Amino acid sequence: MRDLKSEEAALSFFHKMVVMNPLPREKDFTKLFGIIVKMKHYATTISLIKHIYSLGIKPDVYTLTIIINCLCHLNHTVFGFSVLGVMFKIGVDPTVVTFATLINGLCAEGNVARAARFADSLEDMGHQSNSYTYGAIINGLCKAGDTSGAILYLEKIKGRNCDLDVVIAYSTIMDSLCKDGMVCEALNLFSGMTSKGIQPDLVAYNSLIHGLCNFGRWKEATTLLGNMMRKGIMPNVQTFNVLVDNFCKDGMISRAKTIMGFMVHVGVEPDVVTYNSVISGHCLLSQMGDAVKVFELMIHKGFLPNLVTYSSLIHGWCKTKNINKALFLLGEMVNSGLNPDVVTWSTLIGGFCKAGKPEAAKELFCTMHEHDQHPNLQTCAIILDGLFKCQFHSEAISLFREMEKMNLELNVVIYNIVLDGMCSFGKLNDAQELFSCLPSKGIKIDVVAYTTMIKGLCKEGLLDDAENLLMKMEENGCLPNEFTYNVFVRGLLQRYDISRSTKYLLLMKGKGLSADATTTELLISYFSANKENSALHSINHHQNCIFALCFRKSLHKFHRHARPNLCRNR
Numbered sequence: 061m062r063d064l065k066s067e068e069a070a071l072s073f074f075h076k077m078v079v080m081n082p083l084p085r086e087k088d089f090t091k092l093f094g095i096i097v098k099m100k101h102y103a104t105t106i107s108l109i110k111h112i113y114s115l116g117i118k119p120d121v122y123t124l125t126i127i128i129n130c131l132c133h134l135n136h137t138v139f140g141f142s143v144l145g146v147m148f149k150i151g152v153d154p155t156v157v158t159f160a161t162l163i164n165g166l167c168a169e170g171n172v173a174r175a176a177r178f179a180d181s182l183e184d185m186g187h188q189s190n191s192y193t194y195g196a197i198i199n200g201l202c203k204a205g206d207t208s209g210a211i212l213y214l215e216k217i218k219g220r221n222c223d224l225d226v227v228i229a230y231s232t233i234m235d236s237l238c239k240d241g242m243v244c245e246a247l248n249l250f251s252g253m254t255s256k257g258i259q260p261d262l263v264a265y266n267s268l269i270h271g272l273c274n275f276g277r278w279k280e281a282t283t284l285l286g287n288m289m290r291k292g293i294m295p296n297v298q299t300f301n302v303l304v305d306n307f308c309k310d311g312m313i314s315r316a317k318t319i320m321g322f323m324v325h326v327g328v329e330p331d332v333v334t335y336n337s338v339i340s341g342h343c344l345l346s347q348m349g350d351a352v353k354v355f356e357l358m359i360h361k362g363f364l365p366n367l368v369t370y371s372s373l374i375h376g377w378c379k380t381k382n383i384n385k386a387l388f389l390l391g392e393m394v395n396s397g398l399n400p401d402v403v404t405w406s407t408l409i410g411g412f413c414k415a416g417k418p419e420a421a422k423e424l425f426c427t428m429h430e431h432d433q434h435p436n437l438q439t440c441a442i443i444l445d446g447l448f449k450c451q452f453h454s455e456a457i458s459l460f461r462e463m464e465k466m467n468l469e470l471n472v473v474i475y476n477i478v479l480d481g482m483c484s485f486g487k488l489n490d491a492q493e494l495f496s497c498l499p500s501k502g503i504k505i506d507v508v509a510y511t512t513m514i515k516g517l518c519k520e521g522l523l524d525d526a527e528n529l530l531m532k533m534e535e536n537g538c539l540p541n542e543f544t545y546n547v548f549v550r551g552l553l554q555r556y557d558i559s560r561s562t563k564y565l566l567l568m569k570g571k572g573l574s575a576d577a578t579t580t581e582l583l584i585s586y587f588s589a590n591k592e593n594s595a596l597h598s599i600n601h602h603q604n605c606i607f608a609l610c611f612r613k614s615l616h617k618f619h620r621h622a623r624p625n626l627c628r629n630r
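As structure tokens, then:
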């Protein structure tokens, strides 16, 4: 049964079993059902179990618990309780696994309080709750984000006569806190745990190290690693992989490689995850030569590259615009039996766009379904942004219309890309029409969409319309940001609308916002024109002082960064 890797193979094997005479034993069927459940074919499993019941095989606790498990995974835990009732009716005693499965099902559906009440009622039913049932509730509370509730529940049940592993329970809660970004709270729980004489296990340390690394708290993470080892708890490959991966993501490849060396020194061999992290790190920094060396070392050590390995390298080659090498790796990946996922396809599509080959990118996008992959929102954003940036405006808008017909749940990011493309292509009317339709499409207009339209209106010289939209934006509860004001002020300066420029520069100053480099350059141009252009002599000294006041810091920044560049250009 170990070779059953697809639903078709499992079903074929099942049909061979049911025609045997005599029928195989119940436990043989149960093993097969377990394999199908792991494939997540829950409805199929229920149908097959019903089929063997029709052949005269009597329901037992194992098959009925499998049915309950499948119903819980299908979010039909209420029907799982109906099966539990059938078990009691026909005299089949449920096991602790049966109860824990139902509790997990309730927790997964968000009914953690009901799960806790059910666990408490088991004793009244003549069944003793144990670590499985209590652990399921603690895990459920953590997954629901109620870590404080999990801690209270743990304190509540610690005095009960059960074999709950308190260390595992604490570790589960700490892991949940770290995943929610509550690292300080996790550290406090860790301190409280040790002060009570409860020694943390490897899982607890790994969770804390991971949480600290995610927030760049490297020193604390390495200190914790040292403390852990001094207490005789040796790090495993997962511990080191957390450190290596986070160092690589932050561009600290040399530190990551130092950790790899230390791993080997303490007798922990790097695995495929370790090598993938280092390869990805080099690719993020466009160090493709180093990435290939690590890739070759990985193969030399006997590790087969997986989907992550190839996707990282393909991303690296696309980033450096070496599409030929990216395509070569794609072919090598397919030949090794690995199917590219939507991330790989999206990477290639983006790579073709960056390399100035938008037609090839569009062809890849349109043929994804032939390889059993369907574009997600990120893929849609990449192809549309790429087509617009490559000046393939008509093709981008045409593809966008096709996406709308495909009933894809397009989000505001997609619409912002299209609005910006339409405005840059001179299709302001189309952009305005699309913009006005967004609320009816269920899209909440954000600051980026408003800013894009203000920029488009300014480009066409429609300053009054742009100002009206700026005011309407605030009325609708979407506050303009620094970029919005800079876009509008630039539009005013480009049309020499000095009066309104002054007004909005003062407004920005009052809000603690400053002009960016592009706006500052326009200001410098204005001052130059004010000295030389007779048409601007009417601008009074008071306005010049206001400009100077508003832009003092911006001018200082501009000169500080621009002067070295000007010197180099000379």
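So the sequence shown is numbered by my numbering: it starts at 61 and just counts up by one.
We put the beta carbon where it would ideally sit given N, CA and C, even for glycine.
None of the values given here were measured: they were computed from a predicted structure.
CA-to-CA distance, residue j to residue i, given in whole angstroms
| i | j | result |
| --- | --- | --- |
| L517 | D525 | 7 Å |
| I228 | H270 | 17 Å |
| H133 | W377 | 40 Å |
| V172 | Q259 | 28 Å |
| E423 | Q451 | 17 Å |
| M631 | G292 | Lying before the first or after the last residue shown, residue 631 is absent from the chain, which here runs from 61 to 630. |
| L567 | L573 | 9 Å |
| Q347 | W278 | 24 Å |
| F159 | I211 | 22 Å |
| G397 | S337 | 22 Å |
| H75 | K256 | 57 Å |
| F363 | V332 | 6 Å |
| M288 | P82 | 57 Å |
| N436 | V402 | 7 Å |
| T512 | C483 | 8 Å |
| D490 | D310 | 42 Å |
| Y265 | T137 | 34 Å |
| R555 | T283 | 59 Å |
| V146 | Y335 | 51 Å |
| F93 | K110 | 12 Å |
| K519 | S236 | 49 Å |
| E280 | L272 | 7 Å |
| L367 | A196 | 33 Å |
| N384 | L345 | 19 Å |
Residue i, buried or exposed, once every other Cβ within 10 Å from all chains shown has been counted against 16
| i | result |
| --- | --- |
| L202 | In the sequence as presented, Leu is not what sits at residue 202; that position holds Cys. With 16 or more Cβ atoms within 10 Å of its Cβ, C202 is classed as buried. |
| G241 | exposed |
| F388 | exposed |
| N248 | exposed |
| H375 | buried |
| C440 | buried |
| S114 | exposed |
| D184 | exposed |
| D445 | buried |
| N634 | Since the first residue of the chain shown is 61 and the last is 630, residue 634 is not available in this structure. |
| E430 | exposed |
| L470 | buried |
| L108 | buried |
Residue i - containing alpha helix (DSSP H), residue span
| i | result |
| --- | --- |
| A229 | V226 to K239 |
| P418 | P418 to T427 |
| L498 | That residue, L498, is in no alpha helix (DSSP H); it is neither H nor E in DSSP. |
| Y545 | E542 to Q554 |
| F355 | M348 to H360 |
| M80 | Run containing M80: none; DSSP gives neither H nor E here. |
| T282 | W278 to R290 |
| D480 | V472 to S484 |
| C132 | V121 to H133 |
| L408 | V402 to K414 |
| A575 | It is not in any alpha helix (DSSP H) - A575 carries neither H nor E in the DSSP assignment. |
| A204 | Per DSSP, A204 belongs to no alpha helix (DSSP H) and is neither H nor E. |
| G321 | I313 to H325 |
| T137 | T137 to I150 |
| V263 | L262 to N274 |
Chain-order list of residues whose beta-carbon lies under 6 Å from that of residue i (same chain, five-residue window excluded)
| i | result |
| --- | --- |
| F448 | A456 and G481 |
| L488 | G516 and E520 |
Proximal residues to residue i (C-beta, below 7 Å), its chain only, five neighbours per side dropped
| i | result |
| --- | --- |
| N135 | E169 |
| Y122 | T90 |
| S371 | V403, T404 and T407 |
| D120 | E86 and V152 |
Residues near residue i in its chain [Cβ-Cβ closer than 8 Å; skip 5 each side]
| i | result |
| --- | --- |
| A509 | V472, Y475, N476, L479, F495 and L498 |
| K381 | G411, K414 and A415 |
| E542 | M568, L573, S574 and D576 |
| R550 | C518, T578, T579 and L582 |
Discussion item. Please give me, in chain order, every unbroken run of the alpha helix (DSSP H) with length at least 4 that falls completely inside the region 83 to 116.
Written reply: 86 to 98 and 102 to 114
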